[in-house]
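Visitor: Could you have a look at this structure, given as structure tokens, before my questions?
Protein chains in written order, with the numbering used here: chain A, 1 to 440; chain B, 441 to 612.
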């Protein structure tokens, strides 16, 4: 390949390839996260969920996508046509742009920016314009209210989430996504364990920023029909949907990189080898896991009611078997290749665990009222985040000036932050009840 | 590389100036806000061309992602129909034009005063030699400009805590 491409273009070939792969795969991934969401919801409510299209509804996302593309595209009469057309594009472009700095494993990254984290935060916060302008351009009260709520919510929770991230930046000493993961590898601990409050604040903040339940007030269906998307239909609507799920993956990716060790394997410090080989026990885990999934789907195949569903199930099993083969083959490949493939596996596994937590929270907690949402943001999360940042700063001074251990120095400050959190929560509880009785 | 930089500079510069003009002349205030956002983004692009990536990201996060969101938020609460019918340019245009001309003359004089051969060409990028941008900014802030920086940050912290305290008091 090297001699076919002029050397001046060579450094751009791989990034462009990654970009094309991400843009091509993301809509499919978003569709399957929707399916996962419906299946998890069904499971938590003791139902089956989608079962008709494909075995266990596995082809449902494709059917949905075809339906959305074929639907009529309606633009309201008195809408601002240009803005109405432009707004979903802003949302989706910004969501896709943010992927350029995300490091999916040590090998897969479009650009390793030295301001990587700030770039992702900046670009994904621009997606709000898609929502606000779309809500305004629709010329509908429901849409406008949804857009206003969305803007207020984002501005409030971005502060808290940003302060949560700063606690990690203090420990990592870099804004580059790669260096942050490297810092966790060097210090031998995932930052989610060293600054649990930073993680908690970012988790809550990221749910609010992506407009997910229990903070989905911009699209609260019982109050605002569908919020800012009310007047949208067909393909434009699906662009908003894609942007929302792309943003979910982005925040999950940020949380994975900063708090959950990025592409690092669980137990990265242990290097027990399988006797007689150079392969570590824990490195065999991904291949064994996917092999298990493959065998399980194969065992399910005969139980499918229709013949075509049996065939699709076997295809799914073969797909898992292929992934298992790649993961197992990586074990005997050169270390750089192996780390690239296994890094991507662990990164995606953690991203999906985080998204599962999102779904779990969605189906567990009832929606907040808008004043409750603002109170939680401004009166609990922001003060707590400030105290947390100060606590991490103190821990770093303890480490540098008094030579405390990296873990030991964080214990007293984390306990202090816990104390402040309990004080804040206690302070807040009676006022919220009194507030309700006042009928304000 | 040089021609690519030149082309990008011209693109961003034209975009910034054109959308600045459009921002002033649009009747619809929301369209005006969108063009202001475009101007800010184009300026950020020029910062990036000058390899001031920290300045670029601060411009995007603070002005575009923060301040302009609040602008748009407030604009949407205003009754747009009324503002559409109002007279866009009032009689003070003579004063404004004079001020603008004086300002333009000042800028031209400033550029003329520091002129040197080849200044209209962009300097060649020296990315490998320069220290990392974020670190350089932090270095300057915490050594040369320590006092003003600390005063400004304490002022902002007080404002933020003040907002929280006021929110708490109103309910209790």
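Glycine is no exception: its CB is placed at the ideal position from the N, C-alpha and C atoms. Please read these numbers as outputs of a predicted model, since none were measured by experiment.
(1) For the alpha helix (DSSP H) containing residue 493/B, name the first residue and the last one.
(2) So, are the CB atoms of residue 160/A and residue 205/A less than 7 Å apart?
(3) Quick one: what does DSSP say residue 584/B is sitting in, helix, strand or coil?
(4) With H, G and I counted as helix, E and B as strand and the rest as coil, what does DSSP make of residue 363/A?
(5) Could you run through the stretch 444-460 of chain B and flag, in chain order, every residue whose CB is less than 7 Å away from some CB of chain A?
(6) By alpha-carbon positions, which one of 70/A, 358/A, 33/A and 94/A ends up nearest to residue 211/A?
(7) Tell me whether the beta-carbon of residue 126/A lies closer than 7 Å to the beta-carbon of residue 505/B.
(8) Locate the alpha helix (DSSP H) running through residue 407/A, then write down its first and last residues.
(9) Which value, in whole angstroms, describes the spacing of the CA atoms of residue 430/A and residue 172/A?
(10) Mapping the DSSP letters down to three states, classify residue 438/A as helix, strand or coil.
(11) Near residue 168/A, what residues of its chain come up, given a Cβ to Cβ distance below 8 Å and the 5 sequence neighbours on each side ignored?
(12) So who's on the other strand from residue 342/A, going by DSSP bridges?
(13) Count Cβ pairs between the stretch 378-392 of chain A and the stretch 151-165 of chain A that sit closer than 8 Å; are there 3 or more?
(14) Buried or exposed: where does residue 177/A fall if 16 or more other Cβ atoms within 10 Å of its Cβ makes it buried?
(15) Tell me the rounded alpha-carbon separation between residue 290/A and residue 596/B.
(16) Consider the Cβ of residue 586/B: report whether some Cβ of chain A lies at a distance smaller than 7 Å.
(17) Taking the alpha-carbon positions, what's the residue 63/A to residue 309/A distance?
(18) Between the Cα of residue 514/B and those of 76/A, 21/A and 152/A, spot the shortest distance and give me the residue it belongs to.
(19) Which runs of the alpha helix (DSSP H) fall wholly inside the stretch 4-75 of chain A and span at least 4 residues, in chain order?
(20) Counting only Cβ-Cβ distances shorter than 8 Å, please list the residues of the stretch 102-132 of chain A near chain B, keeping chain order.
(21) Between residue 266/A and residue 345/A, is the Cβ-Cβ spacing less than 7 Å?
(22) Residue 108/A by DSSP, collapsed to three states: which one?
(23) What's the C-alpha gap between residue 426/A and residue 56/A?
(24) Which residues, taken in chain order from the stretch 363-380 of chain A, show a beta carbon closer than 7 Å to some beta carbon of chain B?
(25) Which runs of the alpha helix (DSSP H) fall wholly inside the stretch 81-128 of chain A and span at least 4 residues, in chain order?
(26) I'd like the span of the alpha helix (DSSP H) that includes residue 157/A, first residue to last.
(27) Should the stretch 65-77 of chain A be regarded as contacting the stretch 230-237 of chain A, the criterion being three or more beta carbon pairs within less than 8 Å?
(28) Do you know how far the Cα of residue 246/A is from the Cα of residue 32/A?
(29) Cβ of residue 150/A within 7 Å of Cβ of residue 120/A?
Guide: Taking the definition as stated:
(1) Within the second chain, numbered from 1, the residue matching residue 493/B stands at position 53. It spans 493-498 - the alpha helix (DSSP H) in which residue 493/B sits, taken as one unbroken run.
(2) Within the first chain, residue 160/A is the residue found at index 160, counting from 1. Within the first chain, residue 205/A is the residue found at index 205, counting from 1. Taking 7 Å as the Cβ cut-off, residue 160/A and residue 205/A qualify as a contacting pair.
(3) Your numbering for residue 584/B matches position 144 in the second chain. Note: residue 584/B maps to coil in three-state DSSP.
(4) Position 363 of the first chain, counting from 1, holds the residue named residue 363/A. Correct three-state label for residue 363/A: coil.
(5) none
(6) In the first chain, counting from the first residue as 1, residue 211/A sits at position 211. Closest option to residue 211/A, Cα to Cα, is 358/A.
(7) Taking the first chain and counting its residues from 1, the one referred to as residue 126/A is at position 126. Taking the second chain and counting its residues from 1, the one referred to as residue 505/B is at position 65. Contact: yes.
(8) Reading the first chain from its first residue, position 407 is the one you call residue 407/A. Element bounds for residue 407/A: n/a, residue is neither H nor E.
(9) The residue given as residue 430/A occupies position 430 in the first chain. The residue given as residue 172/A occupies position 172 in the first chain. Because residue 430/A carries a pLDDT of 48, less than 50, the predicted location of this residue cannot be relied on, and the following value inherits that uncertainty. When the Cα atoms are used, residue 430/A and residue 172/A turn out to be separated by approximately 39 Å.
(10) In the first chain, residue 438/A corresponds to position 438, counting from 1. Low local confidence applies: a pLDDT of 48 at residue 438/A is under 50, so the model's placement there is unreliable, and no value is given.
(11) Taking the first chain and counting its residues from 1, one reaches residue 168/A at position 168. Same-chain partners within the cutoff: 180, 191, 195, 198, 258 and 259.
(12) The residue labelled residue 342/A in the question sits at position 342 within the first chain. Residue pairing by DSSP places residue 342/A opposite no residue, since no beta bridge is assigned to it.
(13) yes
(14) For this step, residue 177/A is matched to residue 177 along the first chain. Residue 177/A comes out buried.
(15) Residue numbering aside, residue 290/A sits at position 290 when the first chain is read from its first letter. Residue numbering aside, residue 596/B sits at position 156 when the second chain is read from its first letter. So the two alpha carbons sit approximately 51 Å from each other.
(16) For the purposes of this step, residue 586/B is taken as the residue at position 146 of the second chain. Not closer than 7 Å to any Cβ of chain A, the Cβ of residue 586/B fails to qualify, so no.
(17) Start at 1 with the first residue of the first chain, and residue 63/A comes out as number 63. Start at 1 with the first residue of the first chain, and residue 309/A comes out as number 309. Rounded to whole angstroms, residue 63/A to residue 309/A spans 15 Å at the Cα level.
(18) As a working note, residue 514/B is residue 74 in the second chain. Among 76/A, 21/A and 152/A, the Cα nearest to that of residue 514/B belongs to 152/A.
(19) 10-44 and 60-70, all fully within the stretch 4-75 of chain A.
(20) 113, 114, 115, 118, 119, 121, 122, 123, 125, 126, 128, 129 and 132
(21) Numbered from its first residue, the first chain carries residue 266/A at position 266. Numbered from its first residue, the first chain carries residue 345/A at position 345. Not closer than 7 Å, so no.
(22) By 1-based counting over the first chain, the position of residue 108/A is 108. Strand.
(23) Translated into the one-based positions of the first chain, residue 426/A becomes position 426. Translated into the one-based positions of the first chain, residue 56/A becomes position 56. Approximately 46 Å, taken between the alpha carbons.
(24) Residues passing the 7 Å Cβ filter: 378 and 379.
(25) Considered as a whole, the stretch 81-128 of chain A harbours 81-97 and 116-126 as its complete alpha helix (DSSP H) runs of no fewer than 4 residues, in chain order.
(26) As a working note, residue 157/A is residue 157 in the first chain. Run containing residue 157/A: 141-172, per the alpha helix (DSSP H) assignment.
(27) yes
(28) To locate residue 32/A, count along the first chain from 1; it is residue 32. To locate residue 246/A, count along the first chain from 1; it is residue 246. Each residue's Cα considered, the two are about 12 Å apart.
(29) Taking the first chain and counting its residues from 1, the one referred to as residue 150/A is at position 150. Taking the first chain and counting its residues from 1, the one referred to as residue 120/A is at position 120. For the pair residue 150/A and residue 120/A, the CB atoms are not nearer than the 7 Å cut-off.
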